[in-house]
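In the numbering used here, the protein residues as written are 95 to 496. Virtual Cβ for every residue (Gly too), placed ideally from N, Cα, C.
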């Protein structure tokens, strides 16, 4: 239907798809056989400036978008890296897929790094960066959901750009998932390619770097880290890098912080981070996330208490591991006086039949956190809204979020 409408040249501008479509999202039930229509539709979208690819496959190429001169924002989020029926990973076709120029926003996200993946497959990203000098936003998120131990290196991507390459408008840089820039060299050597890239981009406000499944704890001088990231307000780093961040002047400017480790193997893994915190160490922090999935690690009440005391203005909290002791956890949450949202599911807090119900958990949280408005699941789709009347009575209402 869309192809037919695009082919009608006698449509008035008010009804013209070609004139009005500025953002195109491809997802849902679209199949490979439907791709033939793209060659008809896309060249006619003369004002298209944004593309989101959310299908479970990637085409041979995206050349049909080359005629969209206003296309400046491209987001490729295929559901899997290995999606070809012929056994070829689409990531091997990046040279054909990434022929975009003059972008301002670019992201590439995919779960399940293939066992055949190697760093060199990311090399086509370098020409894309070089051909888009006005890039403001770069997100790379390749997840090792199969827990194979496979990683990718941001350093391999950035090193070919040379030590003079600069993107003057860059404000957001995410290298998430199983990213390993070589933390030992990063922490100790100012000329390390990834560290040097950050030093050349002091205007970055949002920096996020993932963490592989297994990595050694590495220390970095807090002053060096603060000097490296003078404008950062939103930060995601592995726990061993969060510790020096909290100990530095950087802590005073952070508005959001995420601890990006995918798993913790030690029950006291967050103790060093908690010990680095004092009262109001993070005075401007509004969002805090601990991304570690359930495993051997349980979240201790002492860590929660340290976090809430350090960030008195905290409004949003997310963690995915189970709590060690429910009663102590609820008591520790009393410090979160300004909390408005928490991401939490029943399995994280309900063990051995206690507490007796999810409603009891909601009631406890509502009592301890007087400004709490919503408890959200990790999908971010559904949640429970907390309502209070003038008499202070609490009501709960299930909601579906956009």
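Exercise for review: Assign residue 358 to one of two classes, buried (16 or more other C-beta atoms within 10 Å of its C-beta) or exposed (fewer than that).
Suggested key: buried
Exercise for review: Would you mind working out which of 379, 390, 415 and 385 sits nearest residue 403, comparing C-alpha positions?
Suggested key: 379
Review point. What three-state label does DSSP hand residue 119 in the structure shown?
Key: strand
Review point. Around the C-beta of residue 117, are 16 or more other C-beta atoms found within 10 angstroms, so that it is buried, or is it exposed?
Key: exposed
Review point. Just reading off the beta strand (DSSP E) that residue 269 is part of, what are its end residues?
Key: 266-271
**Study point:** CB of residue 254 within 8 Å of CB of residue 296, strictly
**Key:** no
Review point. Do the CB positions of residue 461 and residue 433 come within less than 8 Å of each other?
Key: no
Practice item. May I ask you to report which of helix, strand or coil DSSP gives residue 201? Key: strand
Review point. Can you name the start and end residues of the beta strand (DSSP E) that residue 482 belongs to?
Key: 476-482
Point to revise | Contacting residues, own chain, Cβ-Cβ under 7 Å from residue 241 (five flanking each side not counted) | key: 307
Review point. Between residue 178 and residue 151, what straight-line distance do the alpha-carbon atoms span, to the nearest angstrom?
Key: Only weak support is given to the placement of residue 178: the predicted model assigns it a pLDDT of 48, under 50, and the value that follows is read from those uncertain coordinates. Those two C-alpha atoms are separated by around 7 Å.
**Study point:** Residue environment, residue 262, which counts as buried when at least 16 other CB atoms sit within 10 Å
**Key:** exposed
Check your understanding: So is residue 446 buried or exposed if we call it buried at 16+ other beta carbons inside 10 Å?
Key -> exposed
Review point. Among 173, 211 and 168, which has the Cα closest to the Cα of residue 195?
Key: 168
**Study point:** CA-to-CA distance, residue 383 to residue 414, given in whole angstroms
**Key:** 9 Å
Practice item. Give the single residue among 492, 385 and 465 whose Cα lies nearest to the Cα of residue 472. Key: 385
Practice item. Write down the C-beta distance between residue 374 and residue 327 rounded to the nearest angstrom, noting that I regard them as a contact closer than 8 Å. Key: At roughly 17 Å, the Cβ-Cβ gap does not stay under 8 Å, so residue 374 and residue 327 are not in contact.
Check your understanding: When the Cα of residue 121 is compared with those of 173, 229 and 444, which residue comes out closest?
Key -> 173
Exercise for review: Thinking residue 64 and residue 216 are a contact (beta carbons under 8 Å), I'd like their distance in whole angstroms, please.
Suggested key: Nothing can be reported for residue 64: it is not among the residues displayed for the chain, which extend from 95 to 496.
Practice item. Determine the closest residue to residue 420 out of 470, 435 and 394, with distance taken between C-alpha atoms. Key: 394
Practice item. From the DSSP output, in three-state form, read off residue 177 for me. Key: The pLDDT assigned to residue 177 is 46, lower than 50, so where the model puts this residue is not dependable; a value taken from the coordinates is nonetheless given after this. It is coil, neither helix nor strand.
**Study point:** Element boundaries [beta strand (DSSP E), containing residue 144]
**Key:** 144-147
**Study point:** Check: residue 403 C-beta below 7 Å from any heavy atom of the ligand COA
**Key:** Although the ligand COA was asked about, the structure shown includes no ligands whatsoever.
Review point. How is residue 435 classed by DSSP in three states: helix, strand or coil?
Key: strand
Review point. Are the beta-carbon atoms of residue 316 and residue 346 separated by less than 8 Å?
Key: no
Check your understanding: The beta strand (DSSP E) spanning residue 231 covers which residue range?
Key -> 231-236
Check your understanding: Hey, would you say residue 399 sits closer than 8 Å to residue 416, going by beta carbons?
Key -> no
Check your understanding: Are the CB atoms of residue 566 and residue 337 nearer to each other than 8 Å?
Key -> Since the displayed the chain opens at 95 and closes at 496, residue 566 lies outside it and no answer follows.
Check your understanding: Apart from the five residues on each side of it in sequence, which residues of its chain come closer than 7 Å, Cβ to Cβ, to residue 330?
Key -> 302, 303, 352 and 354
Review point. Given residue 348, which residues of its chain have a CB within under 8 Å of its CB, disregarding the five upstream and five downstream residues?
Key: 326, 327, 328, 329, 339, 376, 378 and 379
Practice item. Can you give me the Cβ contacts of residue 235 inside the same chain, cut-off strictly under 7 Å, excluding the 5 residues immediately before and after it? Key: 203, 268, 270 and 271
Review point. Considering only residues of the segment 357-393, which uninterrupted alpha helix (DSSP H) runs meet the minimum length of 4 residues and lie entirely inside it, listed in chain order?
Key: 365-369
Review point. If we count the other Cβ atoms within 10 Å of its Cβ and call it buried at 16 or more, is residue 63 buried or exposed?
Key: Outside the shown range of the chain, which is 95 to 496, sits residue 63, and nothing can be said about it.
Exercise for review: Could you tell me the boundaries of the beta strand (DSSP E) in which residue 410 lies?
Suggested key: 410-413
Check your understanding: Just curious, the alpha helix (DSSP H) that residue 421 is in, first and last residue?
Key -> 420-426
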